[in-house]
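A.B. asks: Convert by adding 13 to the 1-based position in the sequence shown; the result is the number in the numbering used here.
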Amino acid sequence: MKNLGERADEFGWSTCGGILHVPKADGTMVNLLTEYGSITLEEIEIHERSYWNNGYRKSQDDRMLYECIMKSLSTLGKAKVNIHSSDYKLMSGRYNRYPSGLCLLKVVVRESYLDSNAMTGMLCQRLATLDLYLPTVNNDIIKFNMHVKMLLKGLQARGEQTLDLLTNLF
14 MKNLGERADE
24 FGWSTCGGIL
34 HVPKADGTMV
44 NLLTEYGSIT
54 LEEIEIHERS
64 YWNNGYRKSQ
74 DDRMLYECIM
84 KSLSTLGKAK
94 VNIHSSDYKL
104 MSGRYNRYPS
114 GLCLLKVVVR
124 ESYLDSNAMT
134 GMLCQRLATL
144 DLYLPTVNND
154 IIKFNMHVKM
164 LLKGLQARGE
174 QTLDLLTNLF
């Protein structure tokens, strides 16, 4: 995800108004790279159809995103993703399908990460037991901080947050 984020910055996909900013059903904008768990595949598809095949930059950027992701997947990764091709190859007309970069990104994330309520619960559980984690890294505060940041980013990506972090630290 970090490499894709760097590529997105390079091509202007992650700027406000770029293809990675997708509106949810309630109108709020979501950055698909950082908040992938807080938006549905259906919401992404609706957004994609709003600009697909109109010749505008977003349509071209989406195709570039698709090619970028497909070329970066391993053979095993492609095999896992190809099973779900109907989720990222959208119908156009009666028989034609076109590849969606944004939907492909959602499918790749879904298949490579546990993007579920169980994962959110596990992240919250790990945050609640931070006092048990510190001794496992020999009280190395740098490793501890990196661990906490990783857990918080995981929650943020799923549209969640913790309000008891300070309580869990003591």
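All residues carry an ideal CB built from backbone N, CA and C; glycine is no exception.
None of these values were measured; they are calculated from a predicted model.
Drop a sphere of 10 angstroms on the beta-carbon of Y69, count the other beta-carbons inside from all chains shown, and report buried for 16 or more, exposed for fewer.
C.D. replies: Your numbering for residue 69 matches position 56 in the sequence shown. Classification of Y69: exposed, given that the 10 Å Cβ count is below 16.
A.B. asks: Determine which residues share a DSSP beta bridge with S105 and list them.
C.D. replies: Along the sequence shown, read from residue 1 onward, the residue named residue 105 stands at position 92. Paired residue(s): N109.
A.B. asks: Find out if the Cβ-Cβ distance for the pair R139, S51 is shorter than 8 Å.
C.D. replies: Counting from one through the sequence shown, the residue named residue 139 turns up at place 126. Counting from one through the sequence shown, the residue named residue 51 turns up at place 38. Cβ distance not < 8 Å, so R139 and S51 don't count as in contact.
A.B. asks: Here's the rule: buried if 16 or more other CB atoms are within 10 angstroms of the residue's CB, otherwise exposed. What is S113?
C.D. replies: In the sequence shown, residue 113 corresponds to position 100, counting from 1. Its Cβ being crowded by 16 or more others within 10 Å, S113 is buried.
A.B. asks: Just the Cα atoms here: how many angstroms apart are K156 and V150?
C.D. replies: Numbered from 1 along the sequence shown, position 143 holds the residue referred to as residue 156. Numbered from 1 along the sequence shown, position 137 holds the residue referred to as residue 150. Roughly 7 Å between the two C-alpha positions.
A.B. asks: How many whole angstroms separate the CB atoms of N181 and A141, which I take to be in contact at a CB cut-off of 8 Å?
C.D. replies: As a working note, residue 181 is residue 168 in the sequence shown. As a working note, residue 141 is residue 128 in the sequence shown. Their Cβ separation, rounded to whole angstroms, is 6 Å, which keeps N181 and A141 in contact under 8 Å.
A.B. asks: Going straight from the alpha carbon of M104 to that of I59, what length do you get?
C.D. replies: Taking the first residue of the sequence shown as position 1, residue 104 is located at position 91. Taking the first residue of the sequence shown as position 1, residue 59 is located at position 46. Their Cα atoms are separated by approximately 12 Å.
A.B. asks: Anyone know if the C-beta pair for V122 and Y49 falls short of 8 Å?
C.D. replies: Sequence index remark: in the sequence shown, residue 122 carries index 109 (1-based). Sequence index remark: in the sequence shown, residue 49 carries index 36 (1-based). Yes, the pair counts as a contact, with Cβ atoms nearer than the cut-off.
A.B. asks: Span of the beta strand (DSSP E) holding H34?
C.D. replies: The residue you call residue 34 lines up with position 21 of the sequence shown. Here the beta strand (DSSP E) through H34 covers H34 to P36.
A.B. asks: Restricting to runs no shorter than 4 residues, where is the alpha helix (DSSP H) found entirely within the segment 29-68?
C.D. replies: The segment 29-68 contains these whole alpha helix (DSSP H) runs: 54-62.
A.B. asks: Among L147, E124 and L17, which residue has its Cα nearest to the Cα of N158?
C.D. replies: Against the sequence shown, residue 158 aligns to sequence position 145. Among L147, E124 and L17, the Cα nearest to that of N158 is on L147.
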